[in-house]
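Trainee: Residue numbers (this note's numbering): 44 to 655. Just dropping this structure here.
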Amino acid sequence: MSSWTTYKRLLRYTIPYKTAMVVGVVGFLIYAQTQWIWAELIKYIFSAIDSGDQTAKNLIAVAIMVIFLVRGIGSFLGSYGVAYVARKVVHDLRVELFRQLLSLSPSYFDQHASGRVLSKITYNVEQVAGSSSEALKIILQEGLIVIGLMVYLIYSHWKLSLLFVLIFPLIGWVVRYASRRLNLVSQRIQDSMGDVTHIASEALNGFNVVKLYGGGPFERQRFDDASQNNLKQSMKLVVTQSINTPVVQCIVSIAMSAMVWVALQPQLFGDTSAADFIAYLTAAGLMVKPIRQLTQVNGTIQRGIAGARSIFELMDEPRERDEGGQRLSHVRGELAFHEVCFEYPLLEDKSHRHTPAAESDDDAPSRQDDGQQGQAERDHRVLKEITLTIKPGEMVAFVGRSGAGKSTLASLIPRFYDPTSGTITLDGVPIEALSLSHLREQVAMVTQEVALFNATIAHNIAYGTLEGATPEEIRAAAEDANALEFIDALPDGMNTLLGEEGVQLSGGQRQRLAIARALLKNAPLLILDEATSALDNASERIIQTALERVMQNRTTLVIAHRLSTIEAADTIVVMDQGRIVEVGTHKALLAQGGIYTELQSTFNKTQPSKQV
Ligand code: ADP
44 MSSWTTYKRL
54 LRYTIPYKTA
64 MVVGVVGFLI
74 YAQTQWIWAE
84 LIKYIFSAID
94 SGDQTAKNLI
104 AVAIMVIFLV
114 RGIGSFLGSY
124 GVAYVARKVV
134 HDLRVELFRQ
144 LLSLSPSYFD
154 QHASGRVLSK
164 ITYNVEQVAG
174 SSSEALKIIL
184 QEGLIVIGLM
194 VYLIYSHWKL
204 SLLFVLIFPL
214 IGWVVRYASR
224 RLNLVSQRIQ
234 DSMGDVTHIA
244 SEALNGFNVV
254 KLYGGGPFER
264 QRFDDASQNN
274 LKQSMKLVVT
284 QSINTPVVQC
294 IVSIAMSAMV
304 WVALQPQLFG
314 DTSAADFIAY
324 LTAAGLMVKP
334 IRQLTQVNGT
344 IQRGIAGARS
354 IFELMDEPRE
364 RDEGGQRLSH
374 VRGELAFHEV
384 CFEYPLLEDK
394 SHRHTPAAES
404 DDDAPSRQDD
414 GQQGQAERDH
424 RVLKEITLTI
434 KPGEMVAFVG
444 RSGAGKSTLA
454 SLIPRFYDPT
464 SGTITLDGVP
474 IEALSLSHLR
484 EQVAMVTQEV
494 ALFNATIAHN
504 IAYGTLEGAT
514 PEEIRAAAED
524 ANALEFIDAL
534 PDGMNTLLGE
544 EGVQLSGGQR
554 QRLAIARALL
564 KNAPLLILDE
574 ATSALDNASE
584 RIIQTALERV
594 MQNRTTLVIA
604 HRLSTIEAAD
614 TIVVMDQGRI
624 VEVGTHKALL
634 AQGGIYTELQ
644 STFNKTQPSK
654 QV
């Protein structure tokens, strides 16, 4: 995206705030007039001294006050109007960016570190805010001053003023040269800020690992390097800007001295009065500061444009596909997979695509060198030709070694990812034909990772669309999930605040809340992905009974690691390296003497273990 396109796109965001913008412009317009009026006043002061007119002297004293009062009002209106527009635009950008984040596909976050994304919402948006309001203010305020003074100068002595006009292209050239460099450096500053946030958030998320494995020095070094890089780039910006200013000032001063020299030649301006001449020089002198500021504004603009560009990049990311608008009036819960294959999107490199995140146990570096042929030969598929029908109300257990593709299969059902080929149908309707929100309403999912929000327990259970649940319903769900006991023991019960600023829960307690949330959702499809892994044996048994009760009227997919769950399943699906290798009941599979029997011996040995 070119700077100009980015700039125009950013400007479009100011359209809703036209009125404030007009107020700002009018404010600065008033402010600008006081500058040349000041030069004009100098002329009157000289005339008053010459003539000794007392009334004129009194008027001048009043005029000075009035000029400053008007200038103050203009400055306030201008600054306020522009800041108002800029802050509003930032707010709009931030909100739109967050909305966009929520509508991205989960695979975006597989490929982009969350720290870098956060840095866009916090740092980059602020950059745009700071720089656009500052830049706009300077452009309007100083730009209008320059225009006002220029008109005054030309009006006073157009020939003399030509000299001034002549230097503008020269200044323009310097500024253009500097802006290219400023643009590049600003971009790098932003990237380095993303690194800083990324490293900090990674270290904070894995704080205990850092401590326990002595990762401190490594993290410190990494952070130092990132921060150093930021420092280096920032200094480059400062240097470019600092050279820019004196160069421009030199050019202006050369023009000024040429002008004074010419003006002092009596044959050229013999008829000019001293008062006129002083007023003229005052006006010309008043131009120096605004011109300097205008040339500096360039760095600010480039900073804003670099920020805006990275924000727009995120805004232009494709959203989750939600084209099918179909809704099912009654969901029975028949789930069928037809030759479903799936491959995680490859991580994108700038020049070529390589290093698939999938099958990370393979030696990734060697794959970077693969040409087209190598790519074609390798099978990156995590799921291979999965064909399976799950009848309404059936409970199916998925077993297999870690990495077999069980969780991936489950994540295709609420369309966190779309199959690379093949179809998944719910009650015979392809899931892409259903509206995404409708499809997701049909699925309750409990996984090992429990997301809790900074809210009360009740709000955490009745999250999102479940918000309308009554306190009784929430309690019932908590009771079924065997969570009521610990909730009631907390000081504020259901109203206890969770999250970083609230009470911290144990892994098992968190998981019970997740189960309560899923139970409250009461959806026709229930997916339990190692849902009871964080529970001790006693709690698991109680939960198990609760789960069995809720499983009754719904289709349940369990990714299981405990013998008890597996044995109770209507069907057991054994997966290996992305394929379904065996399907049957516990007894039938045992009789078959295949992979299941092999896995079974590990169950027995390690029971109750977390991994199969
Ligand atoms: P299971 O649940 O059977 O342990 P998974 O479905 O989690 O297996 O993983 C199957 C394969 O997909 C693994 O090789 C894993 O590395 C890969 N994988 C899992 N999640 C992702 C992801 N988000 N991006 C890329 N590859 C992934």
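Where is the CB? At the ideal position from N, CA and C, for every residue including glycine. Fair warning: this is a prediction, and the values are worked out from it, not measured in the lab.
Between the Cα of Glu-625 and the Cα atoms of Gly-173, Thr-430, Ala-581, Leu-206, which residue gives the shortest distance?
Mentor: On the sequence shown, residue 625 is found 582 positions in, with the first residue counted as 1. Comparing Cα positions, the closest option is Thr-430.
Trainee: Are Val-115 and Phe-71 touching if we call contact CB-CB under 8 angstroms?
Mentor: Here residue 115 is taken as the residue at index 72 of the sequence shown, counted from 1. Here residue 71 is taken as the residue at index 28 of the sequence shown, counted from 1. A quick correction: the sequence has Gly, not Val, at residue 115. No; because the gap between Cβ atoms is not below 8 angstroms, this pair is not in contact.
Trainee: Let me make sure I understand the geometry here. Which of Ala-532, Leu-563, Thr-240, Asp-531 has the alpha-carbon closest to that of Asn-167?
Mentor: Position 124 of the sequence shown holds residue 167. Selected option, being the one with the closest Cα: Thr-240.
Trainee: Distance, Cα to Cα, Tyr-220 vs Gln-339?
Mentor: Counting from one through the sequence shown, the residue named residue 220 turns up at place 177. Counting from one through the sequence shown, the residue named residue 339 turns up at place 296. Roughly 13 angstroms between the two C-alpha positions.
Trainee: At a cut-off of 7 angstroms, would you count Val-383 as near the ligand ADP, judging by its Cβ distance to the nearest heavy atom?
Mentor: Residue mapping note: residue 383 aligns to position 340 of the sequence shown, counting from 1. Val-383: no, Cβ never under 7 angstroms from the ligand ADP.
Trainee: Should Ser-45 be labelled buried (16 or more other beta-carbon atoms within 10 Å of its own) or exposed?
Mentor: Within the sequence shown, residue 45 is the residue found at index 2, counting from 1. When all chains shown are included, Ser-45 counts as exposed.
Trainee: Evaluate Lys-449 with the Cβ neighbour count: other Cβ atoms within 10 Å of its Cβ, from every protein chain shown; 16 or more gives buried, anything less gives exposed.
Mentor: Numbered from its first residue, the sequence shown carries residue 449 at position 406. Lys-449 is buried by the Cβ-count criterion.
Trainee: Considering only heavy atoms of the ligand ADP, does any lie closer than 7 angstroms to the CB of Lys-332?
Mentor: In the sequence shown, residue 332 corresponds to position 289, counting from 1. The answer is no for Lys-332.
Trainee: Please work out which residues of its chain come closer than 8 angstroms, Cβ to Cβ, to Val-295, disregarding the five sequence neighbours upstream and downstream, and give them in chain order.
Mentor: For the purposes of this step, residue 295 is identified with residue 252 of the sequence shown, where counting begins at 1. Result list for Val-295: Ile-210, Ile-214, Met-330, Val-331, Ile-334, Arg-335, in chain order.
Trainee: Between the beta-carbon of Gly-471 and the beta-carbon of Asn-596, is there less than 8 angstroms?
Mentor: Working through the sequence shown from its first residue, we reach residue 471 at position 428. Working through the sequence shown from its first residue, we reach residue 596 at position 553. Taking 8 angstroms as the Cβ cut-off, Gly-471 and Asn-596 do not qualify as a contacting pair.
Trainee: Run through DSSP, which three-state label would Thr-325 get?
Mentor: Residue numbering aside, residue 325 sits at position 282 when the sequence shown is read from its first letter. Helix at Thr-325.
Trainee: Would the beta-carbon of Ile-615 be found less than 7 angstroms away from any heavy atom of the ligand ADP?
Mentor: As a position in the sequence shown, residue 615 is number 572, starting the count at 1. Checking every heavy atom of the ligand ADP against the Cβ of Ile-615, none is found closer than 7 angstroms.
Trainee: Let me know if Thr-628 comes out buried or exposed under the rule of 16 or more other beta-carbons within 10 Å of its beta-carbon.
Mentor: By one-based count along the sequence shown, residue 628 stands at place 585. Exposed is the call here.
Trainee: Report the partner residues of Ser-657 according to the DSSP bridge assignment.
Mentor: Here the chain has residues from 44 to 655 only, and residue 657 is not among them.
Trainee: Note down, in chain order, each residue of its chain lying with its Cβ closer than 7 angstroms to the Cβ of Lys-427, except the 5 sequence neighbours on either side.
Mentor: Position 384 of the sequence shown, counting from 1, holds the residue named residue 427. So the list reads Cys-384, Gly-621, Arg-622, once near-sequence residues are dropped.
Trainee: Which value, in whole angstroms, describes the spacing of the CA atoms of Gly-637 and Val-616?
Mentor: Within the sequence shown, numbered from 1, the residue matching residue 637 stands at position 594. Within the sequence shown, numbered from 1, the residue matching residue 616 stands at position 573. About 12 angstroms.
Trainee: Using a threshold of 7 angstroms, is the CB atom of Lys-275 nearer than that to any non-hydrogen atom of the ligand ADP?
Mentor: Locating residue 275 in the sequence shown gives position 232, where the first residue counts as 1. Answer for Lys-275: no, Cβ out of range of the ligand ADP.
Trainee: Could you compute how far the alpha carbon of Met-302 sits from the alpha carbon of Val-217?
Mentor: Translated into the one-based positions of the sequence shown, residue 302 becomes position 259. Translated into the one-based positions of the sequence shown, residue 217 becomes position 174. Approximately 21 angstroms between the Cα atoms of the pair.
Trainee: Looking only at DSSP bridge pairs, what is Val-622 linked to?
Mentor: If you number the sequence shown from 1, residue 622 lands on position 579. According to the sequence as given, residue 622 is Arg; it is not Val. DSSP, once it has assigned bridges, lists Asp-619 as partnering Arg-622.
Trainee: Applying the 10 Å Cβ sphere with the 16-neighbour rule, what's the burial state of Met-236?
Mentor: Residue mapping note: residue 236 aligns to position 193 of the sequence shown, counting from 1. It is buried - the Cβ of Met-236 has at least 16 other Cβ atoms within 10 Å.
Trainee: As a quick exercise: from Val-171, Thr-490, Ala-634, Gly-511, pick the residue whose alpha carbon is nearest that of Ile-602.
Mentor: Stepping through the sequence shown from its first residue, residue 602 is reached at position 559. Per the Cα distances, Thr-490.
Trainee: Quick one: what's Ser-464 bridged to in DSSP?
Mentor: For the purposes of this step, residue 464 is taken as residue 421 along the sequence shown, with counting starting at 1. Looking at the DSSP assignment, Ser-464 forms a beta bridge with Cys-384.
Trainee: Please indicate yes or no: does the CB of Ile-602 lie closer than 7 angstroms to some heavy atom of the ligand ADP?
Mentor: In the sequence shown, residue 602 corresponds to position 559, counting from 1. Checking the Cβ of Ile-602 against the ligand ADP gives yes.
Trainee: Alpha carbon to alpha carbon, how far is Tyr-60 from Tyr-127? Give it in angstroms, no decimals.
Mentor: Taking the first residue of the sequence shown as position 1, residue 127 is located at position 84. Taking the first residue of the sequence shown as position 1, residue 60 is located at position 17. Their backbone Cα atoms lie some 9 angstroms apart in a straight line.
Trainee: Restricting to runs no shorter than 3 residues, where is the beta strand (DSSP E) found entirely within the region 508-563?
Mentor: The region 508-563 contains no whole beta strand (DSSP E) run of 3 or more residues.
Trainee: Leaving out five residues on either side along the sequence, give the residues of the same chain with a beta carbon under 6 angstroms from the beta carbon of Thr-283.
Mentor: Counting from 1 along the sequence shown, the entry for residue 283 is found at position 240. Excluding sequence neighbours, Thr-283 sits near Ala-221, Arg-224, Leu-225.
Trainee: Using a threshold of 8 angstroms, state whether the C-beta atoms of Gln-547 and Ala-574 are closer than that.
Mentor: Counting from one through the sequence shown, the residue named residue 547 turns up at place 504. Counting from one through the sequence shown, the residue named residue 574 turns up at place 531. No; because the gap between Cβ atoms is not below 8 angstroms, this pair is not in contact.
Trainee: Looking only at its own chain, which residues have a Cβ that is under 6 angstroms from the Cβ of Asn-538, when we skip the five neighbours before and after it?
Mentor: Position 495 of the sequence shown, counted from the start, is the residue given in the question as residue 538. Closer than 6 angstroms at Cβ, skipping near neighbours: Thr-499.
Trainee: Cα-Cα, which of Gly-446, His-381, Ser-607, Asn-503 is closest to Pro-473?
Mentor: For the purposes of this step, residue 473 is taken as residue 430 along the sequence shown, with counting starting at 1. Of Gly-446, His-381, Ser-607, Asn-503, the residue nearest in Cα terms is His-381.
Trainee: Would you please state the rounded distance, in angstroms, between the beta carbons of Val-374 and Leu-469? I believe it to be under 8 angstroms.
Mentor: Counting from one through the sequence shown, the residue named residue 374 turns up at place 331. Counting from one through the sequence shown, the residue named residue 469 turns up at place 426. 7 angstroms between Cβ atoms; contact.
Trainee: Buried or exposed: where does Pro-309 fall if 16 or more other Cβ atoms within 10 Å of its Cβ makes it buried?
Mentor: Looking up residue 309 in the sequence shown gives position 266. Pro-309 is exposed by the Cβ-count criterion.
Trainee: Are there any heavy atoms of the ligand ADP lying less than 7 angstroms away from the beta-carbon of Ser-607, as far as the coordinates show?
Mentor: Along the sequence shown, one-based indexing puts residue 607 at 564. Because no heavy atom of the ligand ADP lies under 7 angstroms away, the Cβ of Ser-607 does not count as near it: no.
Trainee: Heavy atom of the ligand ADP less than 7 angstroms from the Cβ of Gly-446, yes or no?
Mentor: Position 403 of the sequence shown holds residue 446. Answer for Gly-446: yes, Cβ within range of the ligand ADP.
Trainee: For the alpha helix (DSSP H) that Asp-268 lies in, which residues bound it at each end?
Mentor: Position 225 of the sequence shown, counted from the first residue, corresponds to residue 268. First-last of the alpha helix (DSSP H) with Asp-268: 259-306.
Trainee: Residue ranges of each beta strand (DSSP E) run of no fewer than 3 residues wholly in the region 446-490, ordered along the chain?
Mentor: Whole beta strand (DSSP E) segments, 3+ residues: 464-469, 486-489.
Trainee: Measuring from the CB of Val-425, is there a heavy atom of the ligand ADP at a distance below 7 angstroms?
Mentor: Here the question's residue 425 lines up with position 382 in the sequence shown. It does: the Cβ of Val-425 is within 7 angstroms (strictly closer) of some heavy atom of the ligand ADP.
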